[in-house]
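Below: one structure, written as structure tokens.
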Amino acid sequence: MKVWQPALAIPVAALLSYVAVRCAGETDINPVGPMGKIVQLVFAVVAPGETVANLMAAAVSCGAAGQAGDLMQDFKAGRLMGLSPRKQLLAQMAGIPAG
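Going by my numbering, the sequence shown opens with residue 7, and the numbers climb by one from there.
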């Protein structure tokens, strides 16, 4: 895999994570599958014939979109319970080491 491929996958994953968060916030559906397909289309154009790079970029993007959407849903639920975003962020950070 060439160095530019992961360098391209990370910004694309960040952009699609934003799209996934918007979709999850407005519709309560986290569109992880379509995000992976979009990345596969992008990598099919920029790196034709490189199946491993295509699948790895899609996996990174799907993981990022899924995690971002789940975190947004957590913040949405916390807001409905009247918790401040600061307390929610601290709780999320404390829960990371616990797994």
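Cβ atoms here follow ideal geometry from the backbone N, Cα and C, with glycine treated the same way.
- When only Cα atoms are considered, residue 53 and residue 13 end up about 13 Å apart.
- DSSP places residue 36 in the coil class of the three-state scheme, outside both helix and strand.
- Taken atom to atom, the span from the alpha-carbon of residue 79 to that of residue 57 is near 33 Å.
- Here residue 37 is buried, its C-beta having at least 16 other C-beta atoms within 10 Å.
- The Cβ neighbour count for residue 50, taken over all protein chains shown within 10 Å, is under 16; the residue is labelled exposed.
- DSSP, read as helix, strand or coil, puts residue 78 in helix.
- Between residue 18 and residue 45 the beta-carbon gap is near 6 Å, inside 8 Å, which marks them as a contact.
- Within the same chain, Cβ atoms closer than 8 Å to the Cβ of residue 22 are found at 41, 44, 45, 67, 70 and 71, the five residues on either side in sequence being excluded.
- Per DSSP, reduced to three states, the secondary structure at residue 9 is coil, with no helix or strand assignment.
- Straight-line spacing of the CA atoms in residue 103 and residue 97 works out to 11 Å.
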